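Comments concern the structure below.
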Amino acid sequence: MENNNNNNILTKKDFAVGQQVKWCAGCGNYSILSAVTNTLPEIGVEKENVVFVSGIGCSSRFPYYVNTYGFHGIHGRAAPIASGMKLANPDLSIWVITGDGDSMAIGGNHFIHILRRNINVNILLINNKIYGLTKGQYSPTTPFGSVTKTSPDGTIENPFNPGELAMGAEATFFARVVDTDPRKMKEVFVAAAKHNGTSLVEILENCVIFNNQVHSSITGKDVKDDNQIYLEHGKPMIFGKERNKGLVLNGLKLEAVTIGENGITEDDILIHDARNPDDTMHYLLTRMTQPEFPVATGIIRSFESTGYGTLLEEKINHAKEVSPMHSVNDLLNSGNTWEIN
Amino acid sequence: MGNKNIKVVELDDVVVKFAGDSGDGMQLTGTQFSDISAYVGNDLATFPDYPSEIRAPQGTIAGVSGFQVHIGHKEIHTSGDLADVLVAMNPAALKANMKWVKPGATIIIDIDNFDNKHYKKAGYVEDPLGDGSLEGYNIVKAPITVLSRSTISKLGLDIKTMDKTKNQFAAGILYWLLNRDLNLGEDFLKDKFKNKPILIKANIMVLRAGYNFAETIEALSTTYRILPTKNRKGKFRNITGNLAIAWGFMAASERSGRPLFLGSYPITPATEILQELTKRKNFGVKAFQAEDEIAGVCAAIGASYAGNIGVTTTSGPGLSLKSEAIGLAVMTELPLVVVDVQRGGPATGLPTKPEQSDLLQALYGRNGESPVIVMAASTPSNCFYYAYLAVKLSLEHMTPVILLSDGYLASGSEIWQIPDINNLPEINPPIAKENDEDYKPYRRNPDTLARYWALPGTKGLRHRVGGLEKEDVTGVVSHDPLNHQKMVSIREQKVQRLVGEIPEQKVIGDESGDLLVVGWGGTYGALLSAVTDLQKEGKNVSFTQFNYIKPLPRNTEEIFRKFKRIVVCELNLGQFANYLRSLFPQFTYLQYNKIQGLPFMIYELKKRFSQILEEK
């Protein structure tokens with residue numbers, strides 16, 4: 038069932054599946070799938086060591102469309118399935134594909150705990166702010182007041198911002214990309230794969246059927262440069278079609294400014310430090326919303342910290358080294374035993 | 023030696039209950055007493071009786087902690103119905119335990135705590151020593167607190183530390199009463215406090231003081247001797263059900279060569295399994311304390327997909343939460359062992375008390391047709407074997423197994439002849455070979471119907487599984503009606519085919535007769551004791567206890583056919599009886615059900631069986 042090429046150099050084709058892809062025409066998942074299969078040949082992992090794990094939702098069909106090992110789980114539980122898999126075999130490169138329903142609602146608990154443990158898996162959280170597979174009910178990321186099938190007169194609950202939850206859970210890697218930018222998706226996915234710890238990438242995705250144009254105010258060709266800021270570590274936080282806008286810190290708040298106005302020069306603009314262990318600035322960046330701010334994309338936080346899996350392996354290796362017991366027989370015969378002859 | 027006229031009576035068995043405040047060291051004293059009894063060759067079983075509160079107020083009923091030990095010259099199968107000897111360190115301990123002592127029992131009380139202040143705390147309106155309620159019992163009023171303190175007053179210990187030796191005074195009395203070798207008790211203390219010489223000294227002094235006290239008082243003019251159990255040779259240890267389950271899994275890991283992964287969440291009374299496995303990293307065990315029950319089982323399933331032995335341990339409420347994920351393991355046809363240490367339910371129920379009311383949940387508690395292998399351990403020590411076998415069957419048949427234990431097996435202990443794990447049956451999981459060109463995710467072994475286990479990381483076996491229905495052989499997602507019916511049947515058949523592999527059901531007693539007593543799981547000891555007692559009385563009664571619930575052993579029907587009456591005994595309202603009715607409706611099943619958070623008492627079983635035998 039595989040098309041093994043002999044020369045070890047992997048290409049996008051190695052990860053394509055013959056099976057027909059069954060997403061709606063125009064679904065953002067197609068470009069995400071393409072960016073992922075473009076990414077995989079470049080992460081330095083053999084294809085048999087890659088596993089895609091998902092929960093339930095449109096995006097969770099993903100594993101069927103990538104020619105690697107794959108596990109399509111149950112609703113909300115991709116994170117713990119992936120955690121067990123990674124701890125069981127640390128050599129695997131594990132990709133969790135999940136959505137705003139899967140990870141923010143039913144799987145919310147697992148979402149914060151995998152981040153807290155910093156288990157080395159990559160999570161692609163595809164956020165279209167709607168339940169697509171069940172045909173159009175609001176999700177935990179749907180904006181307040183939205184009219185959907187289960188909120189005919191507008192939602193009356195505040196949405197989650199996945200990045201804020203991630204910061205609260207002490208995530209070590211958080212990035213945000215839009216489904217309309219394949220080049221940047223790939224760039225971010227490669228970085229996520231290389232990060233040693235849980236990498237969370239929020240992908241702002243369009244649902245062409247149930248939430249069309251949900252992100253168009255930041256992805257539209259005319260507005261994207263002014264309404265998005267693509268953050269890069271060590272570079273100034275500049276955005277705008279004219280590259281003349283930037284972010285400054287005013288007290289405890291960010292402020293979007295125009296270079297050349299009110300005495301602002303490029304030197305006043307903040308420099309992005311994705312690697313800062315203190316996530317205060319990352320949190321502020323994550324929270325930026327329109328129209329006051331551009332929406333932050335790119336790698337907002339990437340901080341290396343030893344995770345659960347690495348520590349577990351260390352403890353096991355140490356225990357094996359120092360223990361006088363080599364077989365369970367030794368254990369059964371240890372402690373208080375007696376012989377009767 | 024004192025100058026009393028001492029009578030020594032030989033007993034077949036004796037039940038001793040130690041009861042006091044949570045901080046009185048009753049668990050330690052009970053363990054000490056059972057260890058030295060085991061050492062001299064007695065059979066025994068123990069059961070700790072903790073309050074569900076961690077440290078309830080001192081002197082109150084809620085704070086009473088107990089430890090019962092049943093010691094025998096004869097074979098012992100339960101921790102005993104009612105106590106022959108009760109040690110009550112305060113009035114609350116007496117009040118809480120009076121209904122669990124035999125008429126005429128010896129009751130040793132710490133008289134120093136029997137005052138109005140303590141009576142009030144225990145909820146006594148009248149002085150129990152003066153109101154006649156203890157008439158007919160042999161009450162030993164021992165000034166335990168005062169004599170313990172005075173014995174070690176010169177060691178310079180503070181009062182709190184001094185009072186922690188009180189339990190040894192009580193132990194000393196028991197050593198005298200049951201003719202135990204004081205040296206063994208001293209050795210136990212030397213080991214227990216090996217880094218604290220002053221505590222060794224203090225405890226040994228108090229132990230001897232208790233012994234000497236017993237020797238001199240009139241109330242203890244008869245002592246008892248329980249001779250070693252006959253025909254018992256080999257190397258032994260004491261083991262609880264929870265420990266046995268943890269060790270059984272580790273043995274299975276070593277023999278199968280697959281690493282053990284536990285995904286679990288703390289829940290009474292299953293938590294000790296998780297705790298034990300977190301200590302065993304030297305065997306490569308990965309014990310993952312998940313954020314909830316669902317994450318525990320899902321992590322185990324993920325680990326199982328990756329080639330580990332995926333195990334999750336829980337109790338009834340946790341099993342409910344895991345239902346959907348167990349269905350996922352059924353659908354993906356992956357190995358998974360789920361341990362349910364049953365407790366009283368529903369909802370939070372009686373967390374520390376045993377019950378057998380999760381049977382139908384284990385069999386049917388999932389959406390869809392979702393067959394799993396269901397097994398039940400029946401003694402603390404055979405939890406080891408059933409845990410081992412659960413892994414073997416799950417791996418070899420690529421099917422989840424639910425292993426049922428209960429709160430009684432979990433905390434209860436018995437003597438166990440230590441096995442050599444190399445004598446246990448081999449475990450051969452059907453692992454797919456690298457670059458196997460014939461590999462398909464749902465191609466099966468024609469005998470077992472198990473699909474092959476293709477581990478991520480293996481070249482040439484990339485494939486996808488999941489919760490959606492799959493086409494047979496290819497594993498492609500399929501909504502085809504006939505394929506679904508075929509796959510549902512295959513999954514059921516895969517479990518049913520175990521019938522050829524599991525042992526035949528055994529009958530204790532005649533293979534035919536007036537009455538067959540049927541039980542399953544943790545009630546084994548009580549049912550066996552009741553039936554063997556009746557058999558000794560010449561009654562025509564036989565007994566069979568089920569460990570394999572799904573599938574049932576192949577000779578089940580044949581056994582049932584040979585008895586005039588069948589009584590199914592269980593700690594629920596009749597779940598196994600109803601299961602049997604659904605499978606073998608041709609038989610009539612009488613029921614004996616108890617649902618009080620308590621194990622069966624032997625006497626109540628004997629009474630009921632005798633009644634049935636007398637009915638025409």
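Order-wise, the sequence lines are chains C and B. For the first sequence, my numbering begins at 38 and goes up steadily by one. For the second sequence, my numbering begins at 23 and goes up steadily by one. Where a beta carbon is used, it is the ideal one built from N, C-alpha and C, also for glycine. If you're wondering where the values come from, they're calculated on a predicted model, not measured in any experiment.
- The Cβ atoms of B:P113 and B:Y159 lie no closer than 7 Å to each other.
- Of all alpha-carbon atoms in C:N264, C:G372, C:G288, the one lying nearest the alpha-carbon of C:P328 is that of C:N264.
- A distance below 7 Å separates the beta carbons of B:Q190 and B:V228.
- Cβ-Cβ distances below 6 Å link B:Q80 to D43 in the same chain, with the five nearest sequence neighbours on each side left out; the list follows chain order.
- In summary, C:I93 is buried, with 16 or more beta-carbon neighbours lying within 10 Å of its beta-carbon over all protein chains present.
- Here B:F283 carries a strand assignment [DSSP, helix/strand/coil].
- Rounded to whole angstroms, C:K258 and C:K282 show a C-alpha spacing of 18 Å.
- Looking at the DSSP output, C:S188 sits in a beta bridge with C:T185.
- With 16 or more other Cβ atoms from the protein chains shown falling within 10 Å of its own Cβ, B:A60 counts as buried.
- For B:D185, the secondary structure class from DSSP, reduced to helix, strand or coil, is helix.
- The Cβ-Cβ distance between C:S188 and C:G136 does not fall below 7 Å.
- The beta carbon of C:P314 lies closer than 8 Å to those of F340, S342 in the same chain, with the five residues before and after it left out.
- As DSSP reads the structure, C:S140 sits in no beta bridge.
- Residue contact check for B:L350 against chain C: a CB pair falls below 7 Å.
- By the C-beta density criterion, B:S172 is exposed, having fewer than 16 other C-beta atoms within 10 angstroms.
- Straight-line measurement puts the Cα of C:P177 at about 11 Å from the Cα of C:I193.
- For chain C, the residues of the stretch 492 to 524 of chain B that bring a beta carbon within less than 8 Å of one of its beta carbons are V498, V499, in chain order.
- Exposure of B:S175 is indicated by the presence of fewer than 16 other C-beta atoms within 10 angstroms of its C-beta.
- Taking B:S286 as the centre and dropping the five residues before and after it, the same chain places the C-beta of L296, G318, T334, T335 closer than 6 Å to its C-beta, in chain order.
- C:L349 reaches chain B at K303, K308, F310, counting residues in chain order whose Cβ is nearer than 9 Å.
- Partner residues in the beta bridge of B:F89, as assigned by DSSP, are B:F40, B:P70.
- By the Cβ-count criterion, B:R583 is exposed, with fewer than 16 other Cβ atoms from all chains shown falling within 10 Å of its own Cβ.
- Apart from the 5 residues on each side of it in sequence, C:E269 sits with its Cβ closer than 7 Å to the Cβ of H309, G335 in its chain, given in chain order.
- Within the same chain, D65, L66, A67, H92 come within 6 Å of B:I98 by CB-CB distance, once the 5 residues on both sides are set aside.
- Taking C:E201 as the centre and dropping the five residues before and after it, the same chain places the C-beta of Y320, T323, R324 closer than 8 Å to its C-beta, in chain order.
- A Cβ of chain B is located within less than 7 Å of the beta carbon of C:N146.
- Annotation for B:D555: the continuous alpha helix (DSSP H) segment containing it runs 546 to 558.
- Taking 8 Å as the upper bound for CB-CB distance, C:H252 and B:G489 are not in contact here, some 30 Å apart.
- Residue state for C:R98 is assigned as helix, using DSSP reduced to three classes.
- Ranking B:E579, B:P575, B:G531 by CA distance to the CA of B:K558 puts B:G531 first.
- DSSP places B:M397 in the uninterrupted beta strand (DSSP E) bounded by 395 to 398.
- Assignment of B:E592 by DSSP, reduced to helix, strand and coil, places it in the strand class.
- Among the CB atoms of chain B, none fall inside 7 Å of the CB of C:G55.
- In chain order, P478 make up the part of chain B whose C-beta sits under 7 Å from the C-beta of C:V88.
- Residues of chain C whose Cβ lies closer than 8 Å to the Cβ of B:D460 do not exist, since the nearest Cβ in that chain is about 10 Å away.
- Spatial neighbours of C:A115 in its own chain (CB-CB distance under 6 Å, excluding positions within 5 residues in sequence) are listed in chain order as V90, S91, G92, V133, T135.
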